[in-house]
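As given, the protein sequences belong to chains A and B, one line each in that order. Per this note's numbering, the very first residue in the first sequence carries number 1; after that it's consecutive. Per this note's numbering, the very first residue in the second sequence carries number 1001; after that it's consecutive. Glycine included, every Cβ here is placed at the ideal spot set by N, Cα and C. Reviewing the structure listed below.
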Amino acid sequence: MTTSIIEETIDPQILEMLTARSAEISNGASTSSALTAALALGSIPVALAALSRDVYAQGALPAAIKNVLDFALALEIFENEFYKAVLGMSAVAAVNTAFAPVRALAAAVPGAVASLQQIQKHEAAHVATLLATGATNVFNLTATSFDFTGNRSAQGGGPFAEATTNLAFLLQVAQGAEDVGVRAYKGQVANLMPSPTILEAALRIHSVEARHASRIRRMRRAAAGAPIGVRWSGTVRGGERAAAGGTTLGTVNPTVVGQTFDRIYGAGAGSPSESNIIQAGVNVSALASASFGADAAQEAFDEPLDRADVIAIVQPFFIPTIS
Amino acid sequence: MANGHGVFFTRGDQLLQSTSRRSFLQVMGLGGVIVLMPTVFAACGDDGDGITDPIDEPYTLDLSTDVGILNYAYALEQLEAAYYTIALTSAGFAALSADEKEVLSDLQKHEVIHREFLKQVLGTAAIPTINFNTTTVGTLTANRSVLLSTSQLLEDTGVSAYNSAGKYLTSATNLLVAGKIVSVEARHAAAIRDIRDGANGRLFAGDDVVNAAGLDVKAEAETVLASVVSLNVVTSPLAIGTPANQSRRTPDQTAPAPT
Chain A
1 MTTSIIEETI
11 DPQILEMLTA
21 RSAEISNGAS
31 TSSALTAALA
41 LGSIPVALAA
51 LSRDVYAQGA
61 LPAAIKNVLD
71 FALALEIFEN
81 EFYKAVLGMS
91 AVAAVNTAFA
101 PVRALAAAVP
111 GAVASLQQIQ
121 KHEAAHVATL
131 LATGATNVFN
141 LTATSFDFTG
151 NRSAQGGGPF
161 AEATTNLAFL
171 LQVAQGAEDV
181 GVRAYKGQVA
191 NLMPSPTILE
201 AALRIHSVEA
211 RHASRIRRMR
221 RAAAGAPIGV
231 RWSGTVRGGE
241 RAAAGGTTLG
251 TVNPTVVGQT
261 FDRIYGAGAG
271 SPSESNIIQA
281 GVNVSALASA
291 SFGADAAQEA
301 FDEPLDRADV
311 IAIVQPFFIP
321 TIS
Chain B
1001 MANGHGVFFT
1011 RGDQLLQSTS
1021 RRSFLQVMGL
1031 GGVIVLMPTV
1041 FAACGDDGDG
1051 ITDPIDEPYT
1061 LDLSTDVGIL
1071 NYAYALEQLE
1081 AAYYTIALTS
1091 AGFAALSADE
1101 KEVLSDLQKH
1111 EVIHREFLKQ
1121 VLGTAAIPTI
1131 NFNTTTVGTL
1141 TANRSVLLST
1151 SQLLEDTGVS
1161 AYNSAGKYLT
1171 SATNLLVAGK
1181 IVSVEARHAA
1191 AIRDIRDGAN
1201 GRLFAGDDVV
1211 NAAGLDVKAE
1221 AETVLASVVS
1231 LNVVTSPLAI
1241 GTPANQSRRT
1251 PDQTAPAPT
């Protein structure tokens, strides 16, 4: 993606506003540190995002908005570090070593590593974009802050340990991470309504996570013996662990693994299970001209999840306590 | 296809060609003129003068209201549903593998569900059923390649439309509804792209739709509607009567012509 393509599709009026503001900034006008960071980053799309926010929302971010961005940042750092570990790109040598077996298995599947690289690239970009938009790393997360086995310990050994050696298990975990990310963003968008440009950025991240989730689901369906409930369309059928599709529970602690997927795809305190078929009071499995039954109705809509429910799911992977 | 200040389309599938599409988008960005030749509309407007009137009221969208924005979404879902429903009996579909047919079949169900759901939610405020040029849809489903590239364009366009429209909604309830749909459209887009990608492994969320900031496509309604109308499949005079709140407008990152 080159800047010329972006500039060609910018509404001239907006470009004028952004250019004028940019000129003001270089002439010494005060600006948010986030914007300065974005410009220093040298990434024009990131700078545009920050400039847009600066143009539309002068002054400090409202706390409610910042809280959402901080939460999103924590999840994106988690995802980024996870994929870096899988790809052997982590700053933590031991975790790169731990994931070497499954990395070799992935390398034998055409396109698999490329997909994981593309996903990681996006998660890293999301971290940068959220920071540029005003999020701060309030939990002080670094590469050493995570235990991808789900035991909150640098020693690992948790219920998800087999993700390092079993490709099917790894992909199931990755799918769960992407799907919980989609649910988390969806659960927060209403909180971003006071800032239309930030809301839009969040929606544009949310749809990327859904693309990721779809691709991983298709990778899982491509494996021999995969159940048809894992749709080639990348959509989510059913609820609770069944919605994960062909769930492998592992041998370390199958109970906890099962419960985790029950939560990822189940009801939250303020949100329905992914198996939900009532949308805005309408039973979408039995509409007059669209009576396709429960499966299609479940697949056609994704569900949100509240912050507290998301945190309950992901906390075991974070060594520090997040909230 | 750019000609001075205007871009001329005589065939909907020209929009699938990157050169003409790019000219189209450049002219849109410059506030230029888009001329849709008479062949683009197969039917005439209601006033009997033989000329299609783009402001025939029942199909006019008021994007300054949530109802208008949901009608805009309903229009797009009508398009997708109509396309996939015809696609299921097309030569292009017959040429798909069993796994690929599963994708298109799922997409058809989901889009029809979206359409009927929005129709029900809108009730008496819903725009009428949009009429489609089945001949042109036929050309866009005639073989596996055009079926998949058109499907990709429709899904990416849907994602771009919802991603942009969300910021204009005033009700959190409506925003959540849009949010529940857009992630499914993104799953669809990724699946179609992945089919077309073979074993390369990146197109599902390719650099042509996800930018360096990790952000997916978004496009304002004017851009989306002009793109849709130029596919030459819509014969009803769909148009924007009142635009969305311009103070919230943001730069577009449009769904690209599939390559």
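Residues of chain B with a Cβ closer than 8 angstroms to the Cβ of K186 (chain A) are, in chain order, L1176, G1179, K1180 and S1183. Burial state of Q1120 (chain B) is buried, judged by a 10 Å Cβ sphere holding 16 or more other Cβ atoms. At a cut-off of 8 angstroms between beta-carbon atoms, G234 (chain A) makes contact with chain B. For the region 1097-1127 of chain B, residues whose beta-carbon sits nearer than 8 angstroms to a beta-carbon of chain A comprise D1099, E1100, E1102, V1103, D1106, L1107, K1109, H1110, V1112, I1113, H1114, R1115, E1116, F1117, Q1120 and V1121. Within the DSSP secondary-structure output, F318 (chain A) pairs in a beta bridge with A:F146.
At a C-beta separation below 7 angstroms, G111 (chain A) has these neighbours in chain B: A1199, N1200 and G1201. The C-alpha of L167 (chain A) lies about 16 angstroms from the C-alpha of K84 (chain A). Boundaries of the beta strand (DSSP E) harbouring I1240 (chain B): A1239 to T1242, taken from the DSSP string. Comparing C-alpha distances from E1155 (chain B) to each of B:E1057, B:V1103, B:S1064 and B:A1098 shows the shortest one belongs to B:V1103.
With a cut-off of 8 angstroms on Cβ pairs, the region 260-270 of chain A is in contact with the region 293-310 of chain A, counting three or more such pairs. When 7 angstroms is used as the limit between beta carbons, S1230 (chain B) is near no residue of chain A, the shortest such separation being about 16 angstroms.
In the DSSP assignment, D1062 (chain B) falls within the unbroken beta strand (DSSP E) covering T1060 to D1062. Residue-level contact by beta carbon holds for S115 (chain A) and chain B, with a gap shorter than 8 angstroms. In the three-state reduction of the DSSP assignment, V1234 (chain B) falls in the strand class. Not flagged as an interface residue toward chain B: D306 (chain A), since no C-beta distance is shorter than 8 angstroms. D1207, D1208, V1209, V1210, N1211, A1212, A1213, G1214, L1215, D1216, V1217, K1218, A1219, E1220 and T1223: these are the residues of the region 1207-1229 of chain B whose beta carbon lies less than 9 angstroms from some beta carbon of chain A, given in chain order. Looking at the backbone, the Cα of A1125 (chain B) and that of V1067 (chain B) are separated by about 7 angstroms. A straight-line Cα-Cα distance of about 13 angstroms links L1225 (chain B) and V1159 (chain B). Between the alpha carbons of A1073 (chain B) and N137 (chain A) lies a distance of about 36 angstroms.
For the pair K66 (chain A) and A135 (chain A), the Cα-to-Cα distance works out to about 6 angstroms.
Closer than 8 angstroms at the C-beta level to chain B, one finds these residues of the region 284-314 of chain A: V284, L287, A288, S289, A290, F292, A296, A297, E299, A300, F301, D302, E303 and P304. Remark: C-beta atoms of S1236 (chain B) and I1086 (chain B) do not approach each other more closely than 8 angstroms. Taking 8 angstroms as the CB threshold, F1093 (chain B) stays off the interface with chain A. Residue-level contact by beta carbon holds for R1187 (chain B) and chain A, with a gap shorter than 8 angstroms.
Among the CB atoms of chain A, none fall inside 8 angstroms of the CB of D1066 (chain B).
When DSSP states are grouped into helix, strand and coil, N191 (chain A) belongs to the helix group. G245 (chain A) is classed as buried because its beta carbon has at least 16 other beta carbons within 10 Å across all chains shown. When the alpha-carbon of G181 (chain A) is set against those of A:V257, A:N191, A:A202 and A:P110, the nearest one is in A:A202. Per DSSP, I1192 (chain B) has no beta-bridge partner at all.
For S1164 (chain B), the chain A residues whose Cβ falls inside 8 angstroms of its Cβ are E200, in order along the chain. Ranking A:A222, A:F169, A:A288 and A:V189 by CA distance to the CA of P110 (chain A) puts A:A222 first. Distance check between E79 (chain A) and each of A:G158, A:Q117 and A:A64 places A:Q117 closest, using alpha-carbon atoms only. In this structure, DSSP gives N67 (chain A) a helical state, which the three-state scheme calls helix. For R211 (chain A), the closest C-alpha among the options A:F99, A:P316 and A:S115 is that of A:S115.
The CB of P196 (chain A) comes closer than 7 angstroms to the CB of K1167 and R1248 in chain B, given here in chain order.
Interface with chain B (8 angstroms Cβ-Cβ cutoff): Q175 (chain A) is excluded.
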